[in-house]
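Residue numbers (the working numbering), protein chains in the order written: chain S, 1 to 602; chain A, 1 to 268.
Following: one structure in C-alpha cells, then a few remarks.
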Amino acid sequence: MSISKLSPSPVDSAKPKINWARVDEADNFANTVKLYRQGKYDEDSFRRFRLQHGAYGTRMTSDYAMVRVKLPAGEIYPKQFETLSRLSEQYSIGSAHFSTRENIQLHWVVLEDVSEIFRSLAEVGLTSREACGNSVRNVMCSPLSGVCSDEKFDSTPYALATAKFFLRNPMAQSLPRKFKFNFTCCEKHGMVRMVDVGLIPEIQQINGSEQKGFKIFLGGGLGNRSFVGHQLEDFTPEEDLLYTSIAVMRIFDRLGDRKNLARNRMRYLVNDMGWEKFQNLVLKERAIVRATQSVVTKLKVDTTPDNITRPLKISDESGGPVPDGYARWLKTNTVKQKQSDYRSVFITLEAGDITSNQLNSMANLIREFSSEGKARTGFVQNVALRYVHEDDLVPLYSKLLETGLAKSGGLTMSAPVGCSGTTSCNLALTNSHRLAKEIQRKFLELKLDDDDDLTDSSIKISGCPNSCAQHGIATIGFFGGGGRLGKDMYPNYQMLLGGRFDADTTLGQTCLRVPAKRVIPVILKIIEMFKENKKSGDTLKSWIHRIVNDSEDSNIKSIGDIKKVLEPLVVPPSKDDDPDFYLDYGSDTSYHTKTGKGECAA
Amino acid sequence: MCCLTDSVKVTTDIDSLRSEIRDKSVRVIDVRREGDYKQDHIPNSVNLPLATLLSDDSPERVLKLVNSLGIDDETPVVVYDDTFGALASRVAWTLEWIGHSDVTLLETTYGNWKSLGLETDSLTPEISNKEHSLNLQSNILATSDYLESAKLRDDVILIDNRERLNYLEQHIPGAVSLPYRTLASNDGILRSKEDMKRLFDNRGIDGDSEIITYCGSVGTLSGLAYYALKSVGLSKTKLYVRSFKEWKNLAKPTEKQADASYWDLSAE
Chain S
1 MSISKLSPSP
11 VDSAKPKINW
21 ARVDEADNFA
31 NTVKLYRQGK
41 YDEDSFRRFR
51 LQHGAYGTRM
61 TSDYAMVRVK
71 LPAGEIYPKQ
81 FETLSRLSEQ
91 YSIGSAHFST
101 RENIQLHWVV
111 LEDVSEIFRS
121 LAEVGLTSRE
131 ACGNSVRNVM
141 CSPLSGVCSD
151 EKFDSTPYAL
161 ATAKFFLRNP
171 MAQSLPRKFK
181 FNFTCCEKHG
191 MVRMVDVGLI
201 PEIQQINGSE
211 QKGFKIFLGG
221 GLGNRSFVGH
231 QLEDFTPEED
241 LLYTSIAVMR
251 IFDRLGDRKN
261 LARNRMRYLV
271 NDMGWEKFQN
281 LVLKERAIVR
291 ATQSVVTKLK
301 VDTTPDNITR
311 PLKISDESGG
321 PVPDGYARWL
331 KTNTVKQKQS
341 DYRSVFITLE
351 AGDITSNQLN
361 SMANLIREFS
371 SEGKARTGFV
381 QNVALRYVHE
391 DDLVPLYSKL
401 LETGLAKSGG
411 LTMSAPVGCS
421 GTTSCNLALT
431 NSHRLAKEIQ
441 RKFLELKLDD
451 DDDLTDSSIK
461 ISGCPNSCAQ
471 HGIATIGFFG
481 GGGRLGKDMY
491 PNYQMLLGGR
501 FDADTTLGQT
511 CLRVPAKRVI
521 PVILKIIEMF
531 KENKKSGDTL
541 KSWIHRIVND
551 SEDSNIKSIG
561 DIKKVLEPLV
571 VPPSKDDDPD
581 FYLDYGSDTS
591 YHTKTGKGEC
601 AA
Chain A
1 MCCLTDSVKV
11 TTDIDSLRSE
21 IRDKSVRVID
31 VRREGDYKQD
41 HIPNSVNLPL
51 ATLLSDDSPE
61 RVLKLVNSLG
71 IDDETPVVVY
81 DDTFGALASR
91 VAWTLEWIGH
101 SDVTLLETTY
111 GNWKSLGLET
121 DSLTPEISNK
131 EHSLNLQSNI
141 LATSDYLESA
151 KLRDDVILID
161 NRERLNYLEQ
171 HIPGAVSLPY
181 RTLASNDGIL
191 RSKEDMKRLF
201 DNRGIDGDSE
211 IITYCGSVGT
221 LSGLAYYALK
231 SVGLSKTKLY
241 VRSFKEWKNL
251 AKPTEKQADA
261 SYWDLSAE
C-alpha cells in the first residue's frame with residue numbers, strides 16, 4: 001500500500017480551468033542545463049532559452065536563478081498555493097515573492113533544480129514559460145474584475161483567453177522585446193495606460209443590441225523613459241480583440257528595434273513614429289489580419305460563470321469576540337463587491353514577501369472563506385481573497401492574525417511597493433525591497449493607514465532607474481542610485497512627486513535626491529506640509545496634483561517650494577558623525593554601487 | 001523489495017514493517033523523547049532518544065546501548081522519528097558505523113503513521129540484552145581533518161544540507177547547497193528512487209565521486225542525505241557528523257554569498 005492512497009486529501013470545490021503547463025519542458029530544461037554546463041551551449045543562446053522558460057538570473061552569480069511563475073489574470077487555487085509553499089522550502093529560501101505583475105517568484109534556486117520546480121508546477125497546472133524574455137509576459141487582470149461595481153462586464157475570461165492564445169504561440173517567441181497586456185475592470189482599478197496593451201471593458205448599443213468590447217490603450221509603459229498609452233479608437237468590439245492584439249504584435253515584431261535593447265519597448269516605437277502614424281498602421285494591419293486568416297482564428301473565451309458556494313463551517317465562529325484592530329483592517333483592506341453580502345479582502349505583504357507557512361495558510365484560508373474557491377493576486381504585490389461573506393469577516397480576520405497576514409492598510413499609502421532591489425537583482429543600486437518594508441512598518445506604527453487623507457496616495461520604490469516598482473506613477477516615487485560625500489558613498493534615491501495611474505495618468509516629476517536613511521523623515525515632512533496647507537476635502541494626492549499642475553495657491557505652490565523645505569533634511573553628515581547614514585537598509589557593510597548585466601532586454 | 005541493481009534498501013515500507021512486527025522478526029527503534037514514546041508508539045518498539053545517544057556517542061557507549069536494546073549482529077532494525085526522518089537517520093547511521101549492517105528507516109514519520117490510523121501502543125516491551133560485535137566502519141565517517149584534505153581533491157563533492165538561507169549566509173568553502181527538504185516527497189521521508197536519481201543526476205552528483213554531507217550541528221539533516229544518496233546506490237558517502245558547528249569552533253575558513261543581501265524573512 002502506498003502512503004498517498006491512505007492520506008486524506010482535502011476536497012477542493014474549485015479546480016483550475018486551464019492547465020498552463022507542459023511537463024516535457026522540465027526534461028528539456030534539465031537537459032539543456034547539462035549541455036550548457038558541458039560547454040555545448042553558448043552563453044547567449046542559453047540565456048535566451050532560460051529566460052523563455054521563466055528562469056531569471058541572480059545578482060552576481062550564474063549558479064542561481066529566480067523562477068517567475070505566471071498567474072494569468074492573477075488566478076491561484078489552493079493546491080497551487082500548497083505546491084508553491086513546498087517548492088519555496090525545497091528549492092528556495094523558505095519564502096516567495098509576489099511581483100507587481102501577478103507573478104509569484106522563487107529566488108535563489110540552484111540552476112540545476114529549476115527543472116524540478118517545473119515538474120512540480122506542472123502537477124498543479126502552472127508554468128513559468130514566457131514569464132521572462134522577449135515574449136508575451138503574464139497577462140494581467142484587475143483583482144476586482146468580476147466583482148467591481150463600476151465594471152461594464154467581467155474581463156477575466158478575455159484575459160485568460162488572450163494568455164492561452166499567445167502562450168507558446170510561434171508568433172510570440174522572438175519579439176524585439178517583452179510585451180505586456182493588462183486587462184482591468186474599470187478606470188480606477190487598472191493600469192491600462194502604463195503597458196503595451198491596456199484594456200477596459202466597455203459596452204455599446206449597436207443597432208439596439210448590447211455589444212461587448214474594449215477601450216484599448218497602446219504604447220504605454222514605465223522604464224528608463226516612461227510614456228502614457230494612447231487610446232486606439234472609441235470602441236473595439238470583442239471579436240476584434242484578438243485581431244487587434246495580433247496586428248499590434250505584428251507591427252512591433254516587424255518594426256521594433258532589435259539592436260538598441262535599452263530603448264526598444266513598443267512605447268519607443270510609438271513615440272519615434274508618432275501616435276497617428278502608428279494608429280493608422282494598426283488599423284490597416286488589423287484589416288489584413290482579419291482578411292487573411294487561413295483558418296478561423298478566435299479567442300476561446302470561456303464565460304461559464306464560476307460556481308459561488310459559501311464554504312460550510314464546521315464550527316460556528318460567529319458571535320466570538322471581535323479582535324483588536326478589526327475595524328481598522330476592515331476599512332483599509334476590504335472592498336464591497338457588486339454582489340451583495342460579499343467583500344473582497346486584500347492581504348498585504350511586506351514588499352510582496354510571503355513565507356512558506358503563509359503560502360500554506362493561504363490554501364486553507366481560500367477553502368475556508370472564499371466562495372469562489374480561489375484567490376487573485378493584485379498589482380501591488382498583494383493577494384485578494386474574494387467572495388468572502390460579510391458574516392465570515394471576523395473569523396477570517398482572526399485567522400489572518402494567527403498567520404501574520406492581518407496587516408492593515410493594504411489599500412492605502414502605507415503598503416508601499418518595493419522591487420527586489422539588491423536582495424537579488426543584478427541591476428539594483430539600493431535595497432528598495434527593505435526600504436519599502438521599513439516605510440510600511442513606520443506607517444503602521446504611526447497608524448497612518450487609518451488616515452483618510454492618505455488612502456488614495458501611493459509610494460513606490462525601485463532600486464534603479466528601471467521601473468519594476470512603477471515609481472513613475474506613484475504619488476511619491478523613488479528610484480535608487482548612489483550618493484557621494486568626498487570619497488564616501490551612501491545609498492541615495494531620486495524622489496518623484498505627483499504620478500498617477502487612473503484616467504488622468506501622469507508621470508511623477510522629479511523633486512530631489514533623498515539619501516536612503518532620510519526617506520522616511522522626508523515622507524513624513526511632506527505629510528506635515530500637506531496637513532498645514534490642505535483645504536477641506538483635500539487628500540495628499542489631490543494636494544500634490546494641484547502643486548504639480550501649478551494650480552495651488554497656498555504657501556507651497558510648486559515642486560521647488562517642497563524641495564526648499566526638504567533640502568535641510570537631505571544634507572549628508574560626515575561618516576564620523578553618522579556611520580549608519582552610509583549603510584543601506586539590511587546591510588552592515590559600507591555601501592558601494594555594483595551592478596551586473598540586466599536580463600530584461602535579453 | 002528494491003529493484004534497481006545499483007541501489008540499496010534504506011527504507012522499510014509500512015506494510016512490510018507491520019508484518020515484521022507481527023512475526024517479531026524486527027527491532028523497531030523510536031528515537032523520539034522518552035515522554036512522547038511513553039504516551040504511544042509503534043507496537044513493540046523500543047525507545048532510544050537521540051539526545052541519549054548524542055550525550056556520548058563513543059563506539060563503546062553505543063555498543064552498550066545497542067546491546068541493551070536487544071540487538072545483535074543479525075537483528076534487522078527499523079528506526080523512526082517524527083522529525084521527517086532526520087533524527088532516525090542519525091541513529092541508523094550510528095548503528096551502521098559500529099558495524100550493524102541490517103538497519104533501515106521507516107518510510108514515513110510517526111505522525112503520519114498515526115494519521116493513517118495504524119496501530120499504536122503505550123506498553124514498553126521486555127527486552128533481554130544481546131551481544132553485538134564492534135566492527136567500526138570508518139569509511140562512512142568524515143572528521144574535520146579528513147574533510148579538510150579531501151576537499152582539495154577533484155573527486156570529492158561536499159554537500160551542505162541546511163536550509164538555503166543558512167548556506168548563503170555562511171558555509172564550508174566549496175560546498176554545494178542541497179536543503180534537506182529537497183530529499184523528501186509529499187508524504188515519505190525520502191523521494192522515490194526515480195525522483196531522487198533525477199535530482200542528483202541534474203546536479204551532477206554521481207557514483208564517480210566521493211560524497212561528504214554535513215549540516216548545522218550533529219549530523220541529523222546530513223544523516224538523512226546520507227540515506228538519500230545511499231538509496232540510489234551512491235554508497236561512497238561519508239557523513240561529517242560534527243558538521244558546521246565543529247567547523248566554526250575550530251575557526252576553519254568559511255564562505256558566504258557575496259554581493260547580495262537576499263531576503264530577510266528568516267528574522268520574522
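Ideal placement from N, C-alpha and C gives every residue a C-beta, glycine not left out.
Item	Value
Does the beta carbon of Arg-164 (chain A) come closer than 8 Å to any beta carbon on chain S?	yes
Cβ closer than 8 Å: which chain A residues qualify as neighbours of Ser-115 (chain S)?	Asn-202
By how many angstroms is the C-alpha of Leu-144 (chain S) removed from the C-alpha of Phe-183 (chain S)?	11 Å
Return the residues of the stretch 103 to 116 of chain A that lie within a Cβ-Cβ distance of less than 9 Å from chain S, sorted by chain order.	Glu-107, Thr-108, Asn-112, Ser-115 and Leu-116
Hey, would you say Gly-111 (chain A) sits closer than 8 Å to Arg-162 (chain A), going by beta carbons?	no
Which runs of the beta strand (DSSP E) at least 3 residues long sit entirely within the stretch 127 to 182 of chain A? Give them in chain order.	156 to 160
Please name the residue or residues paired with Tyr-56 (chain S) in a DSSP beta bridge.	S:Met-66
Which same chain residues end up closer than 7 Å to Leu-87 (chain S) when comparing Cβ atoms and leaving out the 5 residues on each side of it in sequence?	Leu-106, Ile-117 and Ser-120
Does the beta-carbon distance from Ala-375 (chain S) to Val-417 (chain S) come in below 8 Å?	no
Grab me the residues of Leu-6 (chain S)'s own chain with a C-beta within less than 8 Å of its C-beta, minus the 5 sequence neighbours each way, in chain order.	Any reading at Leu-6 (chain S) must be qualified, since the residue scores a pLDDT of 45, below 50, and its modelled position is unreliable; the value itself is stated next. Taken in chain order, the list of residues that qualify is empty.
Closer than 8 Å, CB to CB, is Gly-94 (chain S) near chain A or not?	yes
Can you tell which of S:Asp-44, S:Ser-174, S:Gly-483 and S:Leu-496 has its C-alpha closest to the C-alpha of Asp-584 (chain S)?	S:Gly-483
Let's see if you can read the secondary structure: which residues bound the alpha helix (DSSP H) around Thr-244 (chain S)?	241 to 255
Just to make sure I have the definition right: I need the residues of chain S whose C-beta is within less than 7 Å of the C-beta of Arg-181 (chain A). Which are they?	Glu-89 and Gln-90
Roughly how far, in whole angstroms, is the beta-carbon of Pro-49 (chain A) from the beta-carbon of Arg-33 (chain A), given that I think they are within contact range, below 8 Å?	5 Å
When burial is assigned at 16 or more other CB atoms within 10 Å of the CB, is Ile-206 (chain S) buried or exposed?	exposed
Would you grab the beta carbon distance between Gly-373 (chain S) and Ser-432 (chain S) for me? Rounded to a whole angstrom, and I think it's under 8 Å.	Not confirmed; about 35 Å, so no contact.
Report the rounded CA-to-CA distance for Lys-298 (chain S) versus Glu-239 (chain S), giving the unit in angstroms.	8 Å
Name the chain A residues that come within less than 9 Å of Ala-30 (chain S), Cβ to Cβ?	Arg-198, Asp-201 and Asn-202
Pairing CB atoms from the stretch 49 to 59 of chain S with CB atoms from the stretch 122 to 131 of chain S, are three or more of them under 8 Å?	yes
What first and last residue would you give for the alpha helix (DSSP H) that runs through Leu-53 (chain A)?	50 to 54
Return no unless some Cβ of chain S is closer than 8 Å to the Cβ of Ser-177 (chain A).	yes
Please report the residue range of the alpha helix (DSSP H) in which Ser-542 (chain S) lies.	540 to 548
What separation, rounded to the nearest whole angstrom, lies between the Cα atoms of Ser-192 (chain A) and Ile-527 (chain S)?	59 Å
Tell me the DSSP secondary structure of Trp-108 (chain S) in three-state form.	strand
Taking only runs that begin and end inside the stretch 157 to 191 of chain S, name each unbroken alpha helix (DSSP H) of 4 or more residues, in chain order.	none
Let me check understanding here. Comparing Cα to Cα, which of S:Glu-368, S:Ala-415 and S:Val-345 lies closest to Leu-385 (chain S)?	S:Val-345
Going straight from the alpha carbon of Lys-40 (chain S) to that of Asn-28 (chain S), what length do you get?	15 Å
Is there a Cβ from chain S that is less than 8 Å from the Cβ of Leu-69 (chain A)?	no
Along the stretch 108 to 142 of chain S, where does the CB come closer than 8 Å to a CB of chain D? Name the residues.	No chain D is part of this structure, whose protein chains are labelled S and A.
Interface residues of chain S around Leu-288 (chain A) at Cβ under 8 Å?	It is not possible to answer for residue 288 (chain A), since the shown part of chain A is limited to 1 through 268.
Under a Cβ-count criterion, where at least 16 other Cβ atoms within 10 Å of its own Cβ denotes burial, should Thr-589 (chain S) be classed as buried or exposed?	exposed
Distance, Cα to Cα, Thr-143 (chain A) vs Leu-134 (chain A)?	20 Å
Would you grab the beta carbon distance between Val-78 (chain A) and Val-91 (chain A) for me? Rounded to a whole angstrom, and I think it's under 8 Å.	Not really, about 11 Å apart at Cβ, beyond 8 Å.
Should the stretch 248 to 268 of chain S be called in touch with the stretch 501 to 510 of chain S, which here means at least 3 C-beta pairs below 8 Å?	no
Can you list, in chain order, the stretches of the alpha helix (DSSP H) that have 4 or more residues and sit fully within the stretch 174 to 224 of chain A?	193 to 202
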